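Reading through the structure tokens given below for one structure.
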Amino acid sequence: MSGADRRVLDEAGGLRAMTWVMAIMLFLTILAAALGLGTRQSARALERQLAGRLTVQVVEGSPVVRDALAARTLAVLRALPDVRRATAVDRAELARLLEPWLGSAGADTDLPVPAMIDVDLASGADPDRIVAAVRRIGPASRVDRHQRWMSPVSGFLDTLTWLALGLVVLMLTATAAVVVLAARAGLETHRATIEVMHMLGSTDVQVARLFQRRIALDAAIGGAAGSAAALAMLVFLGTRLAALGSELLGGITLGAGDWAVLVLLPVAFVVLAMAAARMTIVGALRQSL
Numbered sequence: 097m098s099g100a101d102r103r104v105l106d107e108a109g110g111l112r113a114m115t116w117v118m119a120i121m122l123f124l125t126i127l128a129a130a131l132g133l134g135t136r137q138s139a140r141a142l143e144r145q146l147a148g149r150l151t152v153q154v155v156e157g158s159p160v161v162r163d164a165l166a167a168r169t170l171a172v173l174r175a176l177p178d179v180r181r182a183t184a185v186d187r188a189e190l191a192r193l194l195e196p197w198l199g200s201a202g203a204d205t206d207l208p209v210p211a212m213i214d215v216d217l218a219s220g221a222d223p224d225r226i227v228a229a230v231r232r233i234g235p236a237s238r239v240d241r242h243q244r245w246m247s248p249v250s251g252f253l254d255t256l257t258w259l260a261l262g263l264v265v266l267m268l269t270a271t272a273a274v275v276v277l278a279a280r281a282g283l284e285t286h287r288a289t290i291e292v293m294h295m296l297g298s299t300d301v302q303v304a305r306l307f308q309r310r311i312a313l314d315a316a317i318g319g320a321a322g323s324a325a326a327l328a329m330l331v332f333l334g335t336r337l338a339a340l341g342s343e344l345l346g347g348i349t350l351g352a353g354d355w356a357v358l359v360l361l362p363v364a365f366v367v368l369a370m371a372a373a374r375m376t377i378v379g380a381l382r383q384s385l
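The numbering of the sequence shown is this note's numbering, which starts it at 97 and goes up by one.
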């Protein structure tokens with residue numbers, strides 16, 4: 097932008113405020129987009145994990161019968177081609193899981209705790225065949241599908257993803273509205289100067305280009321500042337999530353494609369600001385001048 101162009105627009109305080117507005121808008125937009133992308137990745141990881149896992153429970157009051165049925169069930173499961181791995185859950189591990197509710201009584205050998213077997217399915221396996229095979233062993237066995245009882249969590253993550261997408265669209269709309277207001281304010285501030293430029297032969301497109309360049313500069317500076325702050329916040333939140341050690345929250349990660357989308361958001365904002373400014377100024381000039 098030339099010195100003459102800057103002098104035409106430097107008095108437009110509304111345009112200078114665009115730097116701060118764009119920084120705030122882009123900061124919030126990148127955080128919302130990161131939330132949506134992260135929860136989408138987490139939902140996909142959860143679906144992959146749960147779709148291939150089952151838990152078999154052998155419910156029997158007699159410990160001797162229970163252990164015999166559990167051993168037989170484990171042998172049948174390991175022989176099935178649909179099963180990649182079947183592992184009996186150690187009773188000490190079950191007692192540890194029950195300790196918050198039962199206390200030391202969970203370790204009592206006489207306590208009728210069901211035997212449990214974790215099953216990892218092979219690729220393309222049919223869970224119904226495994227359920228049928230387990231039920232043929234005896235009515236004391238039941239199969240729990242992880243995907244079924246974790247579906248509310250997956251649905252909640254999908255809801256968060258769509259909510260984040262809605263926030264991004266809302267922020268884009270709000271940014272375009274702010275640019276329109278700033279462009280109209282600059283147009284009113286410099287109306288006398290624009291009339292002189294028209295008398296000297298300047299076209300509406302040439303005048304609009306001045307505003308477009310200035311708004312693009314403000315949007316670029318504000319976008320860079322907002323993006324840097326948002327990315328720094330994401331890195332900080334990522335380290336905190338990793339420190340939690342939670343498998344579910346640890347799945348909220350961003351892939352290379354997700355980071356590329358976040359990096360391209362500032363460019364999209366600048367293009368949006370330029371387009372909104374150009375259409376606003378050209379439209380207003382054609383109507384009033």
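The beta carbon of each residue, even a glycine, is placed where N, CA and C say it ideally should be. Note that the structure is a prediction, hence the values are computed from the model and not measured.
Subject >> For residue 169, three-class secondary structure by DSSP >> reply: Looking at residue 169 - three-state DSSP - the assignment turns out to be helix.
Original post:
residue 213 and residue 183: beta carbons closer than 8 Å?
Top reply: Yes; because the gap between Cβ atoms is below 8 Å, this pair is in contact.
Original post:
CB residue 172 to CB residue 211, shorter than 8 Å?
Top reply: Contact flag unset, no.
Original post:
Going by C-alpha distance, which of 378, 121, 255 and 323 is nearest residue 355?
Top reply: Nearest option by C-alpha distance: 323.
Original post:
How big is the Cα-Cα spacing for residue 377 and residue 268?
Top reply: The straight-line gap from Cα to Cα measures roughly 19 Å.
**OP:** Go through its chain and collect everything with a Cβ distance to residue 317's Cβ below 6 Å, but skip five positions before and after it.
**Re:** Same-chain partners within the cutoff: 115.
Original post:
Any chance the region 255 to 265 sits against the region 131 to 144, with 3 or more Cβ pairs inside 8 Å?
Top reply: With contact defined as three or more Cβ pairs closer than 8 Å, the region 255 to 265 and the region 131 to 144 are in contact.
Original post:
What residue does the beta strand (DSSP E) around residue 182 start on, and which one ends it?
Top reply: Unbroken beta strand (DSSP E) run through residue 182: 179 to 184.
Original post:
Do you know how far the Cα of residue 124 is from the Cα of residue 103?
Top reply: Confidence at residue 103 is low in this model, with a pLDDT of 46, below 50, so its placement is unreliable and the value that follows should be read with caution. The alpha-carbon atoms of residue 103 and residue 124 are separated by roughly 32 Å.
Subject >> Closest residue to residue 313 among 287, 288 and 362 (Cα-Cα distance) >> reply: The shortest C-alpha separation from residue 313 is found at 362.
Original post:
Would residue 128 pass as a contact of residue 263 if the rule is Cβ separation under 8 Å?
Top reply: In contact: residue 128 and residue 263 (Cβ atoms closer than 8 Å).
Original post:
How would you call residue 231, buried or exposed, if buried means at least 16 neighbouring beta carbons within 10 angstroms?
Top reply: Burial state of residue 231 is exposed, judged by a 10 Å Cβ sphere holding fewer than 16 other Cβ atoms.
Original post:
Taking the continuous alpha helix (DSSP H) assigned at residue 215, which residues delimit it?
Top reply: Run containing residue 215: none in the alpha helix (DSSP H); it sits in the beta strand (DSSP E), 211 to 217.
Original post:
Can you tell which of 373, 158, 273 and 118 has its C-alpha closest to the C-alpha of residue 302?
Top reply: If we check each option's Cα against that of residue 302, 373 comes out closest.
**OP:** Mind reading off the beta-carbon distance from residue 405 to residue 151? Whole number of angstroms is fine, and I expect it under 8 Å.
**Re:** A query on residue 405 cannot be resolved here, the shown segment of the chain reaching from 97 to 385 and no further.
Original post:
Roughly how many angstroms separate the alpha carbons of residue 119 and residue 237, rounded to a whole number?
Top reply: So the two alpha carbons sit approximately 59 Å from each other.
**OP:** State the DSSP-derived secondary structure class of residue 314, mapped to helix, strand or coil.
**Re:** Residue state for residue 314 is assigned as helix, using DSSP reduced to three classes.
**OP:** Between the Cα of residue 220 and those of 177, 319, 188 and 252, spot the shortest distance and give me the residue it belongs to.
**Re:** Of 177, 319, 188 and 252, the residue nearest in Cα terms is 177.
**OP:** May I have the straight-line CA-CA distance separating residue 296 from residue 350, to the nearest angstrom?
**Re:** Straight-line Cα distance between these residues: approximately 54 Å.
Original post:
Who are residue 240's beta bridge partners in DSSP?
Top reply: Looking at the DSSP assignment, residue 240 forms a beta bridge with 151.
**OP:** Write down the C-beta distance between residue 319 and residue 252 rounded to the nearest angstrom, noting that I regard them as a contact closer than 8 Å.
**Re:** That belief does not hold up - the Cβ atoms of residue 319 and residue 252 are roughly 32 Å apart, past 8 Å.
**OP:** Give the secondary structure of residue 158 by DSSP, where H, G and I count as helix, E and B as strand, and everything else as coil.
**Re:** In the three-state scheme derived from DSSP, where H, G and I count as helix and E and B as strand, residue 158 is classed as coil.
Original post:
Among residues of its own chain, excluding the 5 on either side of residue 369, which ones have a beta-carbon nearer than 6 Å to its beta-carbon?
Top reply: Taking residue 369 as the centre and dropping the five residues before and after it, the same chain places the C-beta of 275, 311 and 315 closer than 6 Å to its C-beta, in chain order.
Original post:
Start and end of the alpha helix (DSSP H) containing residue 224?
Top reply: For residue 224, the enclosing alpha helix (DSSP H) begins and ends at 223 to 233.
**OP:** Helix, strand or coil for residue 220, going by three-state DSSP, please let me know.
**Re:** Look at residue 220 here: in three-state DSSP terms it is coil, with no helix or strand label.
**OP:** Could you check what DSSP says for residue 299 in three-state terms: helix, strand or coil?
**Re:** Coil at residue 299, not helix or strand.
Original post:
Tell me which same chain residues have a C-beta within less than 8 Å of the C-beta of residue 304, skipping the five on either side of it?
Top reply: The residues are 373, 374, 377, 378 and 381.
Original post:
Helix, strand or coil: which one does DSSP assign to residue 176?
Top reply: The answer is coil: DSSP assigns residue 176 none of H, G, I, E or B.
**OP:** May I ask you to report which of helix, strand or coil DSSP gives residue 351?
**Re:** In the structure shown, residue 351 sits in coil (DSSP, three-state: anything other than H, G, I, E or B).
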